[in-house]
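In terms of the working numbering, the sequence shown opens at residue 94 and continues consecutively.
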Amino acid sequence: MHISKGYRDGSQERDYWPTRHWRISEPQKWGLDAALFGQLETHIQRTETLRSVLVLYSGDLIFEKYSSGGTQNIYQNVNSITKSVVSALVGIALQEGFLQDIDQPLLSFFPEYIPQDLDPRRKAITLRHLLSMSSGYALPPGDSEAFLSDPPLLEYGSSLEKLLGRPMEHEPGEVFAYDDLSSHIVALVLTRSTGMPLATFAQTRLFDPLGIWRDEQNNLYPWQRGTHAEDDHHPFGLWNEQEPYLWSVDKQGHHIGSYGLQLTTRELAKFGYLYLNRGQWDGQQLISADYVQASWRQQSKIENDRAYGYLWYLLPLGRHASFCAIGYGGQLLLCLPDLDTVIVVTSIPTLDASDAARKVVRDFIVPALEDAVLR
């Protein structure tokens with residue numbers, strides 16, 4: 094029996110990395126009960142909203158099933174999982190010196206937008222507050238997607254001025270309030286600090302090393318070659334027709350930091366595997382281990398034993414600590430360090446799909462892993 098002891102200390106050396114090719118093995122190799130995964134496959138086929146379920150165990154791809162029109166070569170809007178990717182880009186920007194630290198005041202990045210009658214609470218907002226959803230900004234009326242996609246009103250000058258000038262409701266750092274606009278501001282900070290579009294920075298610093306937005310022959314942008322299919326742009330965003338990226342933009346052409354990124358199921362697994370390995374990939378420390386650990390540490394309290402790190406959810410899953418990137422409508426990337434496991438679920442985005450995605454993890458995958466440990 095080869096049950097993993099987890100990858101918690103970061104000292105173990107991996108013997109392969111799935112940059113271009115995946116090592117695929119049967120659950121039995123690891124002492125897992127194949128019958129339990131057979132039950133999972135039947136459940137997926139019977140659940141209309143599920144598009145894909147993937148389990149990566151000790152680096153091996155041990156389960157991968159597509160349904161409801163999903164395939165290995167389909168790019169899908171991952172919705173708010175985009176936020177966790179943006180968090181990773183902050184970690185990379187810190188490591189490469191584009192950012193000094195996450196306690197830099199937000200307005201120091203945009204000095205031209207500092208009003209004369211500055212609310213002292215707004216002056217106190219830092220990048221840390223935005224990453225932990227505790228900026229203190231009042232949530233906008235209506236939905237934030239409409240705020241991002243609507244043309245800026247003339248009286249407000251520019252969309253950025255509107256974003257930064259929102260009224261304050263709390264002292265920064267005091268209250269968790271899930272806010273799409275805060276993560277979009279983080280994306281704008283990255284764009285300004287790095288001097289390049291967000292998707293360009295992501296591709297060169299994160300996606301290329303992981304083999305994301307490439308096929309197994311290392312061809313870039315496989316959706317342009319006809320071997321992969323792309324989704325439509327996010328319903329609350331636009332395409333920049335002058336660039337190749339599968340990342341929706343706002344009215345000003347900035348890549349949206351809250352949603353709009355498209356990845357395949359396997360590419361989501363690569364991103365989770367990077368975090369499971371504390372930011373290391375094939376000999377390169379792409380993100381500092383300290384930043385990954387801080388991202389998975391409670392920075393804001395939510396409720397019911399749930400917490401929030403740096404654009405990651407910290408959710409208890411039985412006796413396991415789980416770290417989750419979650420997108421609307423059943424898009425789920427979940428890392429279980431003590432089980433050395435990455436789980437990806439993608440779905441047809443409906444309100445009911447989120448419950449179905451969680452059920453797959455809670456009622457099928459985790460029990461199958463625990464069963465092997467107990468036997």
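Cβ coordinates follow ideal geometry from the N, Cα and C atoms, glycine included.
DSSP places residue 119 in the coil class of the three-state scheme, outside both helix and strand.
Here the alpha carbon of residue 295 sits roughly 10 Å from the alpha carbon of residue 338. Contact between the stretch 453-462 and the stretch 158-174 is not established, with fewer than three Cβ pairs separated by less than 8 Å.
C-alpha of residue 266 to C-alpha of residue 381: approximately 24 Å in a straight line. Under the DSSP assignment, residue 317 falls outside any alpha helix (DSSP H); it carries neither an H nor an E label. Leaving aside the five residues that flank residue 438 on each side, the residues in its chain whose CB is nearer than 6 Å to its CB run, in chain order, 146, 425, 450 and 453. Burial is judged here by how many other beta carbons sit within 10 angstroms of a residue's own beta carbon; residue 396 has fewer than 16 and is exposed. Secondary structure at residue 437: strand, using DSSP grouped into helix, strand and coil. In this structure, the CA atom of residue 130 is about 15 Å from the CA atom of residue 140.
If you check the CB distance, residue 384 and residue 225 do not come in under 8 Å. DSSP lists 426 as the beta-bridge partner residues of residue 418.
Taking each of 112, 374 and 107 in turn and checking the Cα distance to residue 309, the smallest one comes out for 112. Residue pairing for residue 407: DSSP places it in a beta bridge opposite 400 and 416. With 16 or more neighbouring CB atoms inside 10 Å of its own CB, residue 277 falls in the buried class. Here residue 217 has 265 as same chain residues with Cβ atoms under 6 Å from its own Cβ, once five neighbours each way along the sequence are excluded.
The stretch 172-198 is shown to contain whole alpha helix (DSSP H) runs of 4 or more residues at 174-188, in chain order. When only Cα atoms are considered, residue 413 and residue 289 end up about 39 Å apart.
Just measuring C-alpha positions, the residue of 420, 312, 435 and 436 sitting nearest residue 443 is 420.
For residue 300, the CB contacts under 7 Å within the same chain, skipping 5 residues up- and downstream, are 306 in chain order. For residue 347, the secondary structure class from DSSP, reduced to helix, strand or coil, is coil. Around residue 322, the same chain offers 167 as residues with beta carbons nearer than 6 Å, after the five sequence neighbours per side are excluded. Restricting attention to 199, 198 and 270, the CA atom closest to the CA of residue 232 is found in 270. For residue 148 against residue 155, the beta-carbon gap comes to about 5 Å, under 8 Å, which counts as contact. A Cβ-Cβ separation of about 21 Å leaves residue 341 out of contact with residue 186 under the 8 Å criterion.
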